[in-house]
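Read left to right, the sequence shown gives residues 1328 to 1626 (my numbering).
Think of the CB as a built atom: it goes at the ideal place given N, C-alpha and C, for glycine as much as any other residue.
None of these values were measured; they are calculated from a predicted model.
Here's the structure we're looking at; comments come further down.
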Amino acid sequence: MTGKSQLGEFLQARRSQVRPEDIGMPTYGERRRVPGLRREELALLAGVSASYYTRLEQGQSLSASPEVLEAIGGALRLDESERRYLHDLARADRPRTRGRRPAPERVTQAAGQLLDVLADVPAIVLGRRSDVLAWNRLGHALFAGHLDPGAPDTPAQRPNMARLVFLEPHTRDLYADWPSKARAVVGNLRLVAAQHPQDPALHSLLGELSARSAEFASLWADHRVTACTVAGYEMRHPLVGSLSVIQQTLSHGPGPSVVVATTEAGSPSRAALALLAQAVTGGTTAADPARTVSRVATA
């Protein structure tokens, strides 16, 4: 899964998803052999030559400027996340010296402190590959109560949220609209793969998921890109029943992300979350020191 092949595949996939009628281009009733726009039509919209665009889509050109990429992104009607992804793929496409092996991921001091103060909110710390680096009691109970709460403490046993979503029946059953959650997971992994094209562990994960899940392979081939920063989900928890949550990513940039699940004040979902908190803490208060956080100092 190189940046070079992914760039061409992404351009081709997104070009096929833009219909002439979507952009007001007349077709005069002609029968088209392929869906979406033709290469020469996309090139015309972007203001580049058809031969140049063809070379770019075929991976034969490594010199696309940011301005050209922006023009192509506009012609393809890409949103902000998709345009960043396009630029990341172009950078990954260019020749580079062999990069150093990515450093082991760990919970930063800031992330650990944030997890500490979120005792009454389900929270987990995720690495860039969606490995669970840490979680608080409520985060473990909501997202993966069937797993050992100490699993994140051992690198070899760390749960991976992408694996759980696609390969664990428990996690699949948690989401009433599982396809929506699955699309979000794949879209986010696409962004990460473009940002870290030389991460062997990430590409190993993508290969594993593609081999073990036909649904993942199909979604990956669709080339959709999604920045999973805020999303609402209806969850069906085996202990407390249905609850509606907003999953939010609180930290951005280098380092791990803290993902929390919140509920509307005064709602049945808030009551269900409080019931879950009582079940996992044995009735302790938020200030009880027994509300410990599972986290690791090193990978």
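When DSSP labels each residue in this structure, what does A1377 get in the three-state scheme? For A1377, the secondary structure class from DSSP, reduced to helix, strand or coil, is helix.
On the three-state DSSP scale, how would you describe V1395? Reduced to three states, the DSSP call for V1395 is helix.
So V1452 packs on P1583, CB below 8 Å; how close in whole Å? Contact between V1452 and P1583 holds, since their C-beta atoms are separated by about 5 Å, short of 8 Å.
Those residues which DSSP pairs with A1588 across a bridge: Assignment of beta-bridge partners to A1588 by DSSP yields Q1574.
C-alpha gap between H1497 and E1357, whole angstroms: Approximately 49 Å between the Cα atoms of the pair.
Am I right that D1458 and R1485 are in contact with their C-beta atoms under 8 Å? What's the rounded C-beta distance? Rounded, the Cβ-Cβ distance is 5 Å, consistent with contact.
Please work out which residues of its chain come closer than 8 Å, Cβ to Cβ, to T1576, disregarding the five sequence neighbours upstream and downstream, and give them in chain order. Cβ neighbours of T1576 within its own chain (closer than 8 Å, five residues either side excluded): C1555, T1556, V1557, S1584, V1585, V1586.
Would the beta-carbon of G1363 fall within 8 Å of that of A1398? A1398 sits away from G1363, with the two beta carbons spaced by 8 Å or more.
In three-state terms, what does DSSP make of E1409? Looking at E1409 - three-state DSSP - the assignment turns out to be helix.
Going by DSSP in three states, N1463 sits in which element: helix, strand or coil? Three-state DSSP puts N1463 in coil, outside helix and strand.
Buried or exposed for R1346, please, with buried defined as at least 16 other CB atoms from any protein chain shown within 10 angstroms of its CB. In this structure R1346 is exposed. Its beta-carbon is surrounded by fewer than 16 other beta-carbon atoms within 10 angstroms.
How should G1454 be labelled, buried or exposed, when 16 other C-beta atoms within 10 angstroms of its C-beta is the threshold for buried? G1454 comes out buried.
What is the residue span of the beta strand (DSSP E) that V1452 lies within? Following the DSSP letters along the chain, one finds V1452 inside the beta strand (DSSP E) bounded by residues 1450-1453.
Name the residue from L1566, G1335, A1606, G1568 whose alpha carbon lies nearest to the alpha carbon of L1413. Looking only at L1566, G1335, A1606, G1568, the smallest Cα-Cα distance to L1413 is reached by G1335.
Spatial distance of S1545 from A1370 (CA atoms): Taking the Cα positions, S1545 is about 28 Å away from A1370.
Option nearest T1377 by Cα separation, candidates Q1385, R1366, Q1387: For the record, residue 1377 in the displayed sequence is Ala; it is not Thr. Here the closest residue by C-alpha is R1366.
In DSSP terms, what A1598 is bridged to: Beta-bridge pairing by DSSP links A1598 to no other residue.
Kindly indicate which three-state DSSP category S1569 falls into: helix, strand or coil? S1569 falls in the strand class under three-state DSSP.
List the residues that DSSP assigns as beta-bridge partners of M1562. As a beta-bridge residue in DSSP terms, M1562 pairs with Y1502, L1570.
Check whether the Cβ atoms of S1343 and V1552 sit closer than 8 Å, and answer yes or no. Result no, Cβ atoms of S1343 and V1552 do not sit closer than 8 Å.
Length of the line joining the Cα atoms of H1473 and P1595: Rounded to whole angstroms, the gap between the alpha carbons of H1473 and P1595 is 23 Å.
Looking at the structure shown, is D1666 part of a helix, part of a strand, or coil, going by DSSP? Summary: the structure shown does not reach residue 1666, with the chain confined to residues 1328 through 1626, and so no result is reported for it.
T1590 to G1439 span [Cα, whole Å]: For T1590 and G1439, the distance between alpha carbons rounds to 22 Å.
With 16 other Cβ atoms within 10 Å as the buried cut-off, status of V1361: By the 10 Å Cβ count, V1361 comes out exposed.
Out of G1514, L1602, Q1385, which one is the CA nearest neighbour of L1570? If you compare the alpha carbons of G1514, L1602, Q1385 with that of L1570, the shortest gap goes to L1602.
According to DSSP, is V1557 part of a helix, a strand, or is it coil? V1557 carries a strand assignment under DSSP once its states are collapsed to helix, strand and coil.
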